[in-house]
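Numbering follows UniProt numbering, with no gaps: position 169 of the sequence shown is 169.
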Amino acid sequence: MSARFAGQIVLVTGGGEGIGRAASVAFAGEGATVVVAGRHLETLDSTCELIARRGGKADLVVADPSGLGDDGAEYIVAETVRRHGALDVAFNNVTELGPNQPVGEICEKVWAETLTANLTGVWLAMKHEIAHMEKAGRGVIVNTASNIGAQGMLPGLGAYAASKAAVSALTQTAAREYADRGIRINAISPCPLGRGASVEQIADTVVWLASEEASYIVGHDLVLDRKTTV
């Protein structure tokens, strides 16, 4: 096993499947203790079992990363720190595509739910992650945006695109606000629906972006796809 993250505590929201699971496995393979968080015990437990079979260390927190109070982002961060005494890296990866609809047909409920899951959830996670990292004087945050947000691809996903473009803007703003406090914040923008890099390739990029090898990168939204136009 590599040791790039030996002794570090890494939190991955949405760690039960896809990019979140792949990143959790990758961080554990680099020596981190990984806390996977999300709403579904079964998928989180499967991620932890996969990590354990490969000789890594993992823990889980069942909660809604976009929720408030006792079952939301604040609880996830507090429980991570309570159990493990630190939070060195956070990968905020929860993503909800929502239904495929033209902008004029999106109902208010779907709009609100999509922005809550993809944008408000990231903001809440960052709010509480930053609070801890400021006390520690250091930390790394990586958020999942999307190249749909960056490039306006795939008509029919207006709420998703708006929420992910906002994640990119939020990431860049926060990066400038907290860089001089020892907190490094960036985002990745993969292509959804399997039209870009594999989840393993994306996970490797997240691990690199969170590592000391990328310590010079701050406030960047790294677009991960095979094409820049369609």
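Built from N, CA and C at the ideal position, the CB exists for glycine as well.
Keep in mind it's a predicted model, so treat the numbers as computed, not measured.
Ser189 versus Leu44: straight-line alpha-carbon distance, rounded: Residue numbering aside, residue 189 sits at position 189 when the sequence shown is read from its first letter. Residue numbering aside, residue 44 sits at position 44 when the sequence shown is read from its first letter. Whole-angstrom Cα-Cα distance: 23 Å.
Cys48 beta carbon less than 8 Å from that of Ala58: Here residue 58 corresponds to residue number 58 of the sequence shown, with the count starting at 1. Here residue 48 corresponds to residue number 48 of the sequence shown, with the count starting at 1. Yes; because the gap between Cβ atoms is below 8 Å, this pair is in contact.
Top-ranked residue by Cα proximity to Phe5, from Glu200, Asp88, Ile202 and Ala169: In the sequence shown, residue 5 corresponds to position 5, counting from 1. Nearest C-alpha to Phe5: Asp88.
Ile51 to Ala125 span [Cα, whole Å]: For the purposes of this step, residue 51 is taken as residue 51 along the sequence shown, with counting starting at 1. For the purposes of this step, residue 125 is taken as residue 125 along the sequence shown, with counting starting at 1. For Ile51 and Ala125, the distance between alpha carbons rounds to 24 Å.
Selected residue, minimal CA-CA separation from Ser168, among Leu222, Pro99 and Val206: Taking the sequence shown and counting its residues from 1, one reaches residue 168 at position 168. Just measuring C-alpha positions, the residue of Leu222, Pro99 and Val206 sitting nearest Ser168 is Leu222.
Presumed contact (8 Å Cβ cut-off) between Ala63 and Asp204, rounded CB distance: As a working mapping, residue 63 is identified with position 63 in the sequence shown. As a working mapping, residue 204 is identified with position 204 in the sequence shown. So it is not a contact: roughly 27 Å between Cβ atoms.
Asp88 - containing beta strand (DSSP E), residue span: Taking the first residue of the sequence shown as position 1, residue 88 is located at position 88. Premise fails: Asp88 is in no beta strand (DSSP E) and is neither H nor E.
Cβ separation of Ala145 and Lys127, assumed to be a contact under 8 Å, to the nearest whole Å: Residue 145 sits at position 145 when you count from the first residue of the sequence shown. Residue 127 sits at position 127 when you count from the first residue of the sequence shown. That pair is no contact at about 17 Å.
Length of the line joining the Cα atoms of Ala117 and Ala197: Here residue 117 is taken as the residue at index 117 of the sequence shown, counted from 1. Here residue 197 is taken as the residue at index 197 of the sequence shown, counted from 1. So the alpha carbons of these two residues sit roughly 23 Å apart.
Option in Trp111, Gly158, Ala78 and Thr173 with minimal Cα separation from Leu11: Along the sequence shown, one-based indexing puts residue 11 at 11. With distances taken between Cα atoms, Leu11 lies closest to Ala78.
Runs of beta strand (DSSP E) lying entirely within the region 115-190, each at least 3 residues, in chain order: 139-144 and 183-190
Local conformation of Asp71 per DSSP, three classes: The residue given as residue 71 occupies position 71 in the sequence shown. In the structure shown, Asp71 sits in a helix (DSSP, three-state: H, G or I).
Environment of Leu68 [buried if 16+ CB atoms lie within 10 Å]: Taking the sequence shown and counting its residues from 1, one reaches residue 68 at position 68. The residue in question, Leu68, is exposed, as its Cβ has fewer than 16 Cβ neighbours within 10 Å.
Contacting residues, own chain, Cβ-Cβ under 6 Å from Asn92 (five flanking each side not counted): Working through the sequence shown from its first residue, we reach residue 92 at position 92. Sequence-distant Cβ neighbours of Asn92 in its own chain, meaning closer than 6 Å and more than five residues away, are Thr13, Val122, Ala125 and Asn143.
Own chain, CB closer than 7 Å to Ile130, minus 5 neighbours either side, in chain order: By one-based count along the sequence shown, residue 130 stands at place 130. Excluding residues within five positions, the ones whose Cβ falls inside 7 Å are Tyr178 and Ile183.
Segments of 4+ residues assigned as alpha helix (DSSP H) that fall wholly inside the region 9-58: 18-29 and 41-53
Buried or exposed by the 16-neighbour rule on C-beta atoms within 10 Å, applied to Gln201: Mapped onto the sequence shown, residue 201 falls at position 201. Gln201 is exposed by the Cβ-count criterion.
Terminal residues of the beta strand (DSSP E) in which Val223 lies: The residue given as residue 223 occupies position 223 in the sequence shown. Here the beta strand (DSSP E) through Val223 covers Asp221 to Leu224.
Other residues of its chain near Asn100: CB distance less than 6 Å, five sequence neighbours each side excluded: Position 100 of the sequence shown, counted from the first residue, corresponds to residue 100. Taken in chain order, the residues that qualify are Gly156.
When Leu170, Ile141 and Leu154 are compared against Ile217, the one with the closest alpha-carbon: Translated into positions along the sequence shown, residue 217 becomes position 217. Checked all of Leu170, Ile141 and Leu154; the closest Cα to Ile217 is Ile141.
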